[in-house]
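Structure, as structure tokens:
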């Protein structure tokens, strides 16, 4: 087998590795578990461990009584340019939130996305705030999940008008909760306690985000993290929904839990494919971050428990935290990070190749802003990437052209060496050195394409900006597969294509996957088919295998690959012409349709 064919075989293997690895072997990285160290906070800012306040297991509602009460609870409306919903006065939960800018599908009358849901809904998902009792206090002395709050000021929560809730305990503690919201998705929650009693009290403020069951649209993708995401002093921790039932039981938390002690900056919450809810204490505040799972009720919970406060008679203490509840918009999250939320941009799952995915998305984002269409922005990004890699591609194609020129000499070396492999290798190395040819040069651009392909796929799959982004005609969502189907002649026949979950969906190819297969096939035709029958068969089938394998991929990714193949074909054709070799594309195409003559059987010799 000559080196030209070796390079082609290697290219094929590497290309298959790209797809198979991404399907099977490319899960998000497992982060190291942070060793909980309660003493780091309790020794200086909290009472001793024996009296350290904690959020009781019953703090998260889920029982039937809580649901009944919640269904009849009065509510405070929430209305901004981007959000609508309400706050329940039972528990003071932020539990009804809709994202006005996003719909559940591309249909014109599709409902807007429901971000948070009340306790009495099918899948409750809400934020709850309260105080954990310390010395001298019980759960009845502090507000909890079923506390009936009253409105002290504000009728509707808007960006200009915050709302203040009030509750007074039997022991003379007056609790207030002031909730504000900005023009995007960030709430500001200020909790205060006024001690009108005769004795000193200690208690710890906390915030909780809880949800029952995994989100309905969670697919447990290998390439996307969904579940708990936490930042603790610069260390990112991710725990998937499917991993939480396997957490160790922590007796002090009353459930399976993972505990992280944050000394200065951090946040914790839930991240889904396109949406996120996050508790964010003030910068410089120590707190205990807890990811918890309740097996019995199938409740996932994240907590931010702040240090214990001591309130003397007549004094008032307060603390302010933030709650992000909304869409994972790159620009919005970046602005919050600039405003002081430590490494908030890492709440987007950038993957192993973050050093590529971040700049790739940055370029794609700005190209989209410039062009106004994400599909053309992807094509523009492909052109930029190919331009950057052109020097390597040029060396690769020149090397391949020189290898073709040396083909007759290689055949002579093979004839002279016979079965002596060592002699053949030595002769080839001397020939490469004499003619300044590197047989491995043709593989370098392919090797570089693998992380770039992974990174672009990650960007297209993960980032919200491609969700429901149209390109042209029938491609109305670049984050979804091509909706057209060859089975109904791309809409000419009066019946719908098979459901994506059915077996027939495998052969229900759209226009873009078919164009992809053709572009790969044409790229092959720049060179004659390998003389070896096995190699020829592999290359003949490869474009069509890829066509079916990528048929269910996001349209944006298939569009990138088509653009990449087209630019590569053009580059290679022009470079080969400059090296004195004219590719016979048409001849190679017609030759692939000719029947190959069967080899004649060898004649037997010998005497009768």
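Residue numbers (the working numbering): 263 to 870. Backbone N, C-alpha and C define an ideal beta-carbon position, used for all residues, glycine too. Here the structure is a predicted model, which means the values were calculated and not measured.
With a 10 Å radius around its C-beta and 16 neighbouring C-beta atoms as the bar for buried, classify residue 775 as buried or exposed.
buried
#### Entry: Element boundaries [beta strand (DSSP E), containing residue 457]
448-457
Provide the residue(s) that pair with residue 393 in DSSP beta bridges, ordered along the chain.
467
At 3 residues or longer, what runs of the beta strand (DSSP E) sit wholly inside the region 525-575?
528-533, 537-543, 549-556, 561-567 and 571-573
DSSP on residue 677, reduced to helix/strand/coil?
helix
(message) What would DSSP say about residue 698, mapped onto helix, strand or coil?
(response) coil
- Message: Please classify residue 691 as buried or exposed, where buried requires at least 16 neighbouring CB atoms within 10 angstroms.
- Response: exposed
Note to self: On the CB-based measure, 16 or more other CB atoms within 10 Å of its CB, does residue 816 come out buried or exposed?
What the structure shows: buried
On the DSSP bridge assignment, give the partners of residue 732 in chain order. The partner list for residue 732 (beta bridge, DSSP) is empty, contrary to what the question assumes.
Per-residue DSSP class, three states only, for residue 488: coil
Q. Out of curiosity, what's the CA-to-CA distance linking residue 401 and residue 514?
A. 16 Å
Coarse secondary structure for residue 439, derived from DSSP in three states: strand
Rank 612, 546 and 556 by C-alpha distance to the C-alpha of residue 581 and give the top, closest one.
546
Q. So, helix, strand or coil for residue 338, using DSSP?
A. strand
- Task: Hey, could you find the ends of the beta strand (DSSP E) residue 587 is sitting in?
- Result: 578-589
Item checked: Backbone secondary structure at residue 596 - three-state DSSP -> helix
Practice problem: Assign residue 630 to buried or exposed, taking buried as 16 or more other Cβ atoms, counted over all protein chains shown, within 10 Å of its Cβ. | Solution: buried
Inset, instruction - State yes or no: is the C-beta of residue 471 nearer than 8 Å to some heavy atom of the ligand FAD? - result: Ligands displayed in this structure: none; no statement on the ligand FAD is therefore possible.
### Query
Between which two residues does the alpha helix (DSSP H) carrying residue 610 extend?
No alpha helix (DSSP H) holds residue 610; DSSP gives it neither H nor E.
* Beta-carbon proximity check, residue 639 vs residue 650, cutoff 9 Å -> no
Self-check item: Neighbourhood of residue 641 by C-beta distance below 6 Å, restricted to the same chain and skipping five residues each side
Solution: 825
Can you round the beta-carbon distance between residue 486 and residue 611 to whole angstroms, since I take them to be within the 8 Å contact cut?
6 Å
Quiz item: How would you call residue 799, buried or exposed, if buried means at least 16 neighbouring beta carbons within 10 angstroms?
Solution: exposed
Exercise for review: Could you tell me which residues DSSP pairs with residue 379 in its beta bridges?
Suggested key: 387
Contained beta strand (DSSP E) runs [length at least 3] in the region 394-434, N- to C-terminal order | 412-415 and 425-430
Count the other CB atoms within 10 Å of the CB of residue 523; is the residue buried (16 or more) or exposed (fewer)? buried
### Query
With a Cβ-Cβ cutoff of 9 Å, do residue 594 and residue 456 count as a contact?
no
The alpha helix (DSSP H) enclosing residue 445, as first and last residue numbers
Looking at the DSSP string, residue 445 is not in any alpha helix (DSSP H), and its letter there is neither H nor E.
Please say whether residue 537 and residue 900 have beta carbons closer to each other than 9 Å? Because the chain is modelled from 263 through 870, residue 900 falls outside the range shown and cannot be assessed.
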